[in-house]
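Novice: Each number in our numbering corresponds to the 1-based position in the sequence shown with 287 added.
The structure under discussion is supplied below as structure tokens; questions concerning it will follow.
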Amino acid sequence: MTSFVTAIESPYELASTTDSQPVPCEYQGHEFWNRESHLCLSLHVIFLKYAATHRRISGYGLRQAIILFFDFAVEHNARHPEQLQLHKLTDITAEIFNNFQTWLLNKNERKNNAVKLKGAIAQISKKTDVIPNISLPGISAPIKKKTEPLIGQTYTDLVGALSAHVDTMYDKLKFRKKVMEAEPYTMEEVLEKYAAEYTRSNIFEWAQNRIDNKQKVHSQNTEYKLKHSTDPELLALLDYPDFYQRFKQIYNDRPDCYRFEKPGDPFLLSLWYWDPDEARAIKTLLVNGYPMDVAFETLGTTNSSKPLISKKDCKTIVQLMLFRWNRLGDAKLIKYPVKPWDDLLGLYFPTMVDMSCIIMFIMLQSNWNKETVLAVDEDNFEHPLTGAMSEAQIIIQSEKNRSQGTNKPYYAPKAIVAVSSKTDRYSSYNLIQLADQLAEPLKGYAFDVIPFGQENLVYNPLFLCLRYYGSWASKGGRHTSATNRKAFLRGVKDFLTAYPVYENGARLTTAKHITKRLRPTWMLVQRDKHGSGLGLLSMLMSHVGSIVTDVHYDSSGAAVQDRYNRLRSELEAIMDLLRRREYKGLLGKREERQVELPLKIFHIPGMEKPLWGCSNQLKPTWYGARTYIKQGERCYSIKNCLFCEQCNLYEDSLPYLIQRRIHVVELIEDQPDNESDYSSSLESELSILDSILDNWEDPDALKEAVRYQRRNDSLLPHDLDFLQLILEEEDMK
288 MTSFVTAIES
298 PYELASTTDS
308 QPVPCEYQGH
318 EFWNRESHLC
328 LSLHVIFLKY
338 AATHRRISGY
348 GLRQAIILFF
358 DFAVEHNARH
368 PEQLQLHKLT
378 DITAEIFNNF
388 QTWLLNKNER
398 KNNAVKLKGA
408 IAQISKKTDV
418 IPNISLPGIS
428 APIKKKTEPL
438 IGQTYTDLVG
448 ALSAHVDTMY
458 DKLKFRKKVM
468 EAEPYTMEEV
478 LEKYAAEYTR
488 SNIFEWAQNR
498 IDNKQKVHSQ
508 NTEYKLKHST
518 DPELLALLDY
528 PDFYQRFKQI
538 YNDRPDCYRF
548 EKPGDPFLLS
558 LWYWDPDEAR
568 AIKTLLVNGY
578 PMDVAFETLG
588 TTNSSKPLIS
598 KKDCKTIVQL
608 MLFRWNRLGD
618 AKLIKYPVKP
628 WDDLLGLYFP
638 TMVDMSCIIM
648 FIMLQSNWNK
658 ETVLAVDEDN
668 FEHPLTGAMS
678 EAQIIIQSEK
688 NRSQGTNKPY
698 YAPKAIVAVS
708 SKTDRYSSYN
718 LIQLADQLAE
728 PLKGYAFDVI
738 PFGQENLVYN
748 PLFLCLRYYG
758 SWASKGGRHT
768 SATNRKAFLR
778 GVKDFLTAYP
788 VYENGARLTT
798 AKHITKRLRP
808 TWMLVQRDKH
818 GSGLGLLSML
828 MSHVGSIVTD
838 VHYDSSGAAV
848 QDRYNRLRSE
858 LEAIMDLLRR
868 REYKGLLGKR
878 EERQVELPLK
888 IFHIPGMEKP
898 LWGCSNQLKP
908 TWYGARTYIK
918 QGERCYSIKN
928 CLFCEQCNLY
938 EDSLPYLIQR
948 RIHVVELIED
958 QPDNESDYSS
968 SLESELSILD
978 SILDNWEDPD
988 ALKEAVRYQR
998 RNDSLLPHDL
1008 DFLQLILEEE
1018 DMK
């Protein structure tokens, strides 16, 4: 058995994962990384503990999120003073985390990185007291693509395709019986009939046959046969230029033993004319240990078709068959075409298409997801309560091992059951037994290759299948299991190639077009055709509640409309109770509707450029606004705009900001020493102005604003209260 060696050499620490593939802590090579930093060590602990309970693919995702957060932290700390920099995990406030999300969008990075980081912090903080439980804001989820069930002709075509292929698998079991009764081919039998040697007797018989039938014996044909002759005397004729005349002389002087009463053409039936019986061909391979009992190393050499150039290279019957099926010259010359080698083996052995078909059909009938189907135990899939049901029905069981819900262990097996039929040949119960019988020839053989990262993955022997012949020696080995994700995906793809299924005129071609839609399809069938209620469906699907069943497993337009109809029905029932004064319960306090105003752009009369904008004049946030602005009134306090969250600054605002800074500096210099409160307000305003102007991203716009301010020295009055009166009167007009 060959296995890829795990790369464990890394300059960084290795975090263990559940699939035994360690993930290097590559963020330790980041410029932000510091072993003495509380923030770095906290995120390192979170990563180690998170990876220990997840697969390495999840570990890679969290590692990338940490690296991106380190990039953000470097830029954040470079822009802020020491007291506002990120040094501890608790420094990650809601505002900082929102800035991180914005930073991700600006860098064209996925928002899922923020989701990953937040989830890991929340999860690990519950497991250990070392990590504090910090409160981070919610992250708006992207609009997910609707999971539409398969309906109408698409559903009918898919069921028909699955049923048709299941029929071929039952035929495969019957074919195996024919193989067991068949006689294998032998090398001598095939060569004697379809590859006659160029002996003296055969060459003379060929020549006599052509002469008796008044056909010419050309020198070219004669030369070819003499060249391959096993008779030394005939072979030596080629040493003479007049070999053809010498051959005619020997032929005419031949003894009676080479004179035939009814001559024929011994060379007429070449390998091109060999029409092999498929049952005998498979039996020949099996008795010679091909493909599973031959050494893996020989699959690229002695048991490969590549080195077979002519039939002389074939030393065994298996090599002769490989040559006949794979290397026999121009297809136009072949009298009896044969199936591709993979199709020949697929007549007896289970294929990836077979097992993918069985898995999809079980999913469609039982409402199980793929993980649950792959976890079926071939020796223990009948539920103990089966005897309590009718003889025609049976309860089958499996388990779901991962991700059971919020605040529950990630790995916690959960029993999943389904009702099936014993009499229906297409039922889940019979499909499991069919898979078991199909996989029988491959059981007991070690895998030639274990894919990287799957050393500890349990390959369910129930779904063993043969891989494609062309990649046996180069990668993957001879057989695998549908537990291998690539094998399942390839099987579904080839299944849809063989059985066309269309939806709205477009052909379904890959697993992503089908597998996630099988459970919603099952639920739709149960609800519409069998009248099953939501509670029963939730129980059959092993969900924690009906909301999970209702919302997360069918987001089609029809399902959403059905929810609206049910909501309307409930609301109408409540309204009827209210009208009859029979409603019993608590009514929530009606929230007053908040008036939302459009964006207000302040413009000083006579000025070319607008001042700045206000997002909502009814919701000022500057300190003291509740005292000075009555509820429901608009705010015009221009002097407090820079202290308010509703203030919107634009490039046209720059000249006014520069002018205001000049005025603030003058006011600070001219103020009396005892004006402490007024001084504090001006200094705060000066600090805000400096921060805005120093961090303005467009230096050219800033230079142009300075020139504009110099040309228009009286942009603003020293006392901004005058502007408040002007703007209030302007709006009143």
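Note that the Cβ used here is the ideal one computed from N, Cα and C, for glycine as well.
Fair warning: this is a prediction, and the values are worked out from it, not measured in the lab.
CB V574 to CB N590, shorter than 9 Å?
Specialist: no
Novice: Reducing DSSP to helix, strand and coil, say where A302 ends up.
Specialist: strand
Novice: Please check the pair R611 and W655, which I expect to be a contact at CB under 8 Å, by giving their CB distance rounded to whole angstroms.
Specialist: That pair is no contact at about 44 Å.
Novice: L1014 CB to nearest chain B CB: under 9 Å?
Specialist: The question asks about chain B, but that chain is absent: this structure has only one protein chain.
Novice: In this structure, how does DSSP classify P942 when only helix, strand and coil are distinguished?
Specialist: helix
Novice: Closest by CA to D629, which one among W759, R342 and R814?
Specialist: When W759, R342 and R814 are compared, the shortest CA-CA separation from D629 is found for W759.
Novice: Which word fits D939, buried or exposed, when buried means at least 16 other C-beta atoms lie within 10 angstroms of its C-beta?
Specialist: buried
Novice: Looking only at its own chain, which residues have a Cβ that is under 6 Å from the Cβ of E1017, when we skip the five neighbours before and after it?
Specialist: Shown here for E1017: not one same chain residue has a beta carbon closer than 6 Å to its own, the five before and five after excluded.
Novice: Identify whether A582 lies in helix, strand or coil by the three-state DSSP scheme.
Specialist: Coil, per DSSP.
Novice: In terms of residue numbering, what span does the beta strand (DSSP E) encompassing L751 cover?
Specialist: L751 to L753
Novice: Determine which residues share a DSSP beta bridge with N935 and list them.
Specialist: G900
Novice: Kindly confirm or deny that the stretch 542-556 and the stretch 493-500 touch, where touching means at least three C-beta pairs closer than 8 Å.
Specialist: yes
Novice: Report buried or exposed for Y915, applying the criterion of at least 16 other Cβ atoms within 10 angstroms of its Cβ.
Specialist: exposed
Novice: With a threshold of 16 other CB atoms inside 10 Å of the CB of S715, please say whether the residue is buried or exposed.
Specialist: buried
Novice: Given a cut-off of 9 Å on the beta-carbon distance, is the pair L989 and L980 in contact?
Specialist: Against a cut-off of 9 Å, the Cβ pair of L980 and L989 comes out as a contact.
Novice: Hey, is Q918 close to the ligand FMN, as in C-beta under 8 Å from one of its heavy atoms?
Specialist: As presented, the structure is devoid of all ligands, the ligand FMN included, so that no description of it is given.
Novice: So does the stretch 635-650 actually touch the stretch 768-775, counting three or more Cβ pairs closer than 8 Å?
Specialist: yes
Novice: Measure the C-alpha to C-alpha separation of A992 and W983 and round it to an integer number of angstroms.
Specialist: 12 Å
Novice: So what does DSSP say about T415, is it helix, strand or coil?
Specialist: In the structure shown, T415 sits in coil (DSSP, three-state: anything other than H, G, I, E or B).
Novice: Take E470 and list the residues in its own chain whose beta-carbon comes closer than 8 Å to its own, dropping the five residues that flank it on each side.
Specialist: Cβ contact annotation for E470 (same chain, cutoff 8 Å, sequence separation greater than five): R567 and K570, in chain order.
Novice: By DSSP, does E686 sit in helix, in strand, or in coil?
Specialist: strand
Novice: Note down the Cα distance separating S422 from E382, rounded to an integer number of angstroms.
Specialist: 11 Å
Novice: The alpha helix (DSSP H) with H452 in it runs from where to where?
Specialist: Judged by DSSP secondary structure, H452 falls within the alpha helix (DSSP H) whose first and last residues are G439 to E468.
Novice: Closer than 6 Å by C-beta to V504: which residues in its own chain qualify, once you throw out the five before and the five after it? Chain order, please.
Specialist: A494 and R497
Novice: Reducing DSSP to helix, strand and coil, say where A988 ends up.
Specialist: helix
Novice: Any contact of the stretch 408-424 with the stretch 444-459, i.e. 3+ C-beta pairs under 8 Å?
Specialist: no
Novice: Is S715 helix, strand or coil by DSSP?
Specialist: helix
Novice: With respect to the beta strand (DSSP E) encompassing H325, which residues constitute its N-terminal and C-terminal limits?
Specialist: Looking at the DSSP string, H325 is not in any beta strand (DSSP E); the run it does join, the alpha helix (DSSP H), is H325 to A338.
Novice: Which residue comes first and which comes last in the alpha helix (DSSP H) that contains H363?
Specialist: Element bounds for H363: R343 to R366.
Novice: Quick one: what does DSSP say P728 is sitting in, helix, strand or coil?
Specialist: helix
Novice: Candidates V704, Y577, P436 and N667: which alpha carbon is nearest L753's?
Specialist: Y577
Novice: Quick check on this structure: which residue in F648, I646, I719 and K657 has the alpha carbon closest to the alpha carbon of I682?
Specialist: I719
Novice: L1012: which of D1000, Q918, I891 and D957 sits nearest, CA to CA?
Specialist: Cα-wise, what sits closest to L1012 is I891.
Novice: At what residues does the beta strand (DSSP E) containing T767 begin and finish?
Specialist: H766 to S768
Novice: Return the chain-ordered list of same chain residues with a C-beta closer than 6 Å to the C-beta of W390, the five sequence neighbours on each side being excluded.
Specialist: Non-local C-beta neighbours of W390 in its own chain, meaning closer than 6 Å and more than five positions away in sequence, comprise F359, ordered along the chain.
Novice: I354 to I649, Cα distance in whole Å?
Specialist: 42 Å
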